[in-house]
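Just so you know, the sequences run in chain order A and B.
Counting in this note's numbering, the first sequence runs from 10 upward without gaps.
Counting in this note's numbering, the second sequence runs from 10 upward without gaps.
There are 2 protein chains.
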Amino acid sequence: MTSVEEPARPGERIRDAARTRAEILDVATQEFARAGYDGARVDEIAARTRTTKRMIYYYFGGKEQLFTTVLERAYGVIREAEQQLDVDHLDPVAAIRRLAEVTFDHHEQHPDFIRLVSIENIHGAQHIAASEKLGKIGSPALDVIRRILASGQESGLFTADVDAVDLHAMISSYCFFRVSNRNTFGALFGRDLLDPAQRAHYRAMLGDMVIAYLTAERTAD
Amino acid sequence: MTSVEEPARPGERIRDAARTRAEILDVATQEFARAGYDGARVDEIAARTRTTKRMIYYYFGGKEQLFTTVLERAYGVIREAEQQLDVDHLDPVAAIRRLAEVTFDHHEQHPDFIRLVSIENIHGAQHIAASEKLGKIGSPALDVIRRILASGQESGLFTADVDAVDLHAMISSYCFFRVSNRNTFGALFGRDLLDPAQRAHYRAMLGDMVIAYLTAERTAD
DNA sequence: TCACTAATGTACGAACTAGTACGTTAGCTA
DNA sequence: TAGCTAACGTACTAGTTCGTACATTAGTGA
Numbered sequence: 010m011t012s013v014e015e016p017a018r019p020g021e022r023i024r025d026a027a028r029t030r031a032e033i034l035d036v037a038t039q040e041f042a043r044a045g046y047d048g049a050r051v052d053e054i055a056a057r058t059r060t061t062k063r064m065i066y067y068y069f070g071g072k073e074q075l076f077t078t079v080l081e082r083a084y085g086v087i088r089e090a091e092q093q094l095d096v097d098h099l100d101p102v103a104a105i106r107r108l109a110e111v112t113f114d115h116h117e118q119h120p121d122f123i124r125l126v127s128i129e130n131i132h133g134a135q136h137i138a139a140s141e142k143l144g145k146i147g148s149p150a151l152d153v154i155r156r157i158l159a160s161g162q163e164s165g166l167f168t169a170d171v172d173a174v175d176l177h178a179m180i181s182s183y184c185f186f187r188v189s190n191r192n193t194f195g196a197l198f199g200r201d202l203l204d205p206a207q208r209a210h211y212r213a214m215l216g217d218m219v220i221a222y223l224t225a226e227r228t229a230d
Numbered sequence: 010m011t012s013v014e015e016p017a018r019p020g021e022r023i024r025d026a027a028r029t030r031a032e033i034l035d036v037a038t039q040e041f042a043r044a045g046y047d048g049a050r051v052d053e054i055a056a057r058t059r060t061t062k063r064m065i066y067y068y069f070g071g072k073e074q075l076f077t078t079v080l081e082r083a084y085g086v087i088r089e090a091e092q093q094l095d096v097d098h099l100d101p102v103a104a105i106r107r108l109a110e111v112t113f114d115h116h117e118q119h120p121d122f123i124r125l126v127s128i129e130n131i132h133g134a135q136h137i138a139a140s141e142k143l144g145k146i147g148s149p150a151l152d153v154i155r156r157i158l159a160s161g162q163e164s165g166l167f168t169a170d171v172d173a174v175d176l177h178a179m180i181s182s183y184c185f186f187r188v189s190n191r192n193t194f195g196a197l198f199g200r201d202l203l204d205p206a207q208r209a210h211y212r213a214m215l216g217d218m219v220i221a222y223l224t225a226e227r228t229a230d
């Protein structure tokens, strides 16, 4: 998230379109993540900004488009993180573990993103559908997975029948659930999935799981 | 879900507290699952019922308590399904696969439940916390997992360092994600995780993953 | 320096929404 | 069958919430 925090001496009123826009997006991200789409209040977003509600409509058109823009920016952040990923120098097993760990870390570090995605799912992904940007930005992580899989399968380390998108779903589900379902899981089972003391344990567990799946000999079917 | 659908000849007005209550819960479940807690409309729930809004407040006290009761009932259904589970006659590997498959099936068959849990997570699991019923109903599935794990570890089939709650989280995350994130995943990757043609594939993949994890020799750490 | 426009602020309204005051009736029980 | 109460319906209100009409000013280019 591009956070904005110039001091802005009180009383003085500065015009800065980019700053105002970014500040609205920052606050809106928090507010939507906090309360959901319908629970979020446009007035509340405005109040926590150095500008007024009028500006939200000026820059974004309305609550719906504001949420779409918030989503676009949140997905942009994860896409950037995935693009940083460089595992070509590692052997397939180490590479896939590294990918899993980076995914794990990113989910943990961006709970707001997880919440926004959960909210978007409740609403049928309608904002993604309405967004031109989000329509066809494939995941860079997918390309990485494809390369690792191809290399691992070629060398015979990995079983042959694994698909990149499926593996991505497997890794994502584990990382996502840990954050998205933290509250109900904690309430029902008395265990905090985000407990810092257990972090390394869960991180290793994910890697072990994925590698075990990829290297196990499958029973005939 | 205990669905209610007596014909109830038009014009005639029958008094039936249990039926009215159940009908409100049925409709409320759909409405909350459809639109989220804040998106759901009490008037809409009432309108789709053969009774009036007044009755919602008569029986449940308010929107908040109505949602809590909806949640309690939804969790009750899954707990019942878990209690049906009988895998004691199977060997550990078959038993754990069976457990995974039953979990898989239940999630797929109850998308409304998944949505309600997602919604509850957005709101910090506050309704679970407020509910006496939901406070301490452990999951029967957990007991089953504990027995299978103990048996599998004793016989040396499974690695020793796996915890029941962790394994439950692993299985749940896969099953949950497939339903909860169907919309965004489909929109971003063009693949429907609930495609009936892929159902068997994903079901087998889960079992393979869990068994691979449980039977793999762990690298020293 | 003048004028023009992008950027901003104020005040308000129309529609919605949870919740309630009050009145009515079915059906059971004494 | 009289009366009592659980069950139900109608109509309304108070407060909220998204959105906008209108007024204003900072900064830039001619």
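The C-beta atom is built at its ideal place from N, Cα and C for all residues, glycine as well.
Use the C-beta contact count for residue i: other C-beta atoms within 10 angstroms, 16 or more gives buried, fewer gives exposed.
i, result
"A104(A)", "buried"
"A56(A)", "exposed"
"I220(A)", "buried"
"T61(A)", "exposed"
"S164(A)", "exposed"
"A206(B)", "exposed"
"H98(B)", "exposed"
"E89(A)", "exposed"
"A138(A)", "exposed"
"R50(B)", "exposed"
"A2(B)", "A query on residue 2(B) cannot be resolved here, the shown segment of chain B reaching from 10 to 230 and no further."
Give the DSSP-derived three-state secondary structure of residue i in the structure shown.
i, result
"F185(A)", "helix"
"A90(A)", "helix"
"V171(A)", "coil"
"R200(B)", "coil"
"V126(B)", "helix"
"E73(B)", "helix"
"E226(B)", "coil"
"T112(A)", "helix"
"L99(B)", "coil"
"I131(A)", "helix"
"H210(B)", "helix"
"D35(B)", "helix"
"R106(B)", "helix"
"A49(A)", "coil"
"T29(A)", "helix"
"I146(A)", "coil"
"A221(A)", "helix"
"S164(B)", "coil"
"N190(B)", "coil"
"T78(A)", "helix"
Along chain A, in chain order, which residues have C-beta atoms closer than 7 Å to that of residue i?
i, result
"I131(B)", "G45, R124, S127 and I128"
Report the neighbours of residue i on chain B: residues whose CB is nearer than 7 Å to its CB, in chain order.
i, result
"R200(A)", "V174"
"A221(A)", "A221, Y222 and A225"
Note down, in chain order, every chain A residue with its Cβ under 8 Å from the Cβ of residue i.
i, result
"R227(B)", "D217"
Find the residues of chain A that neighbour residue i, judging by a C-beta separation of less than 9 Å, and give them in chain order.
i, result
"I137(B)", "N192, T193, A196 and L197"
Please compile the residues from chain B whose C-beta is within a distance smaller than 9 Å of the C-beta of residue i.
i, result
"Y183(A)", "A178, M179, S182, Y183 and F186"
"S160(A)", "Neighbours of S160(A) on chain B: none; closest Cβ ~20 Å, over 9 Å."
Please list, in chain order, the chain B residues whose beta carbon lies closer than 8 Å to that of residue i.
i, result
"A134(A)", "N192, T193, G195 and A196"
"S189(A)", "S127, N130 and S189"
- Message: Beta carbons nearer than 8 Å to chain A: which residues of the region 37–64 of chain B have them?
- Response: A44, G45, Y46, D47 and G48
- Item | Near-chain A residues of the region 72–83 of chain B (beta-carbon distance less than 8 Å), N- to C-terminal order | Here the close residues number zero.
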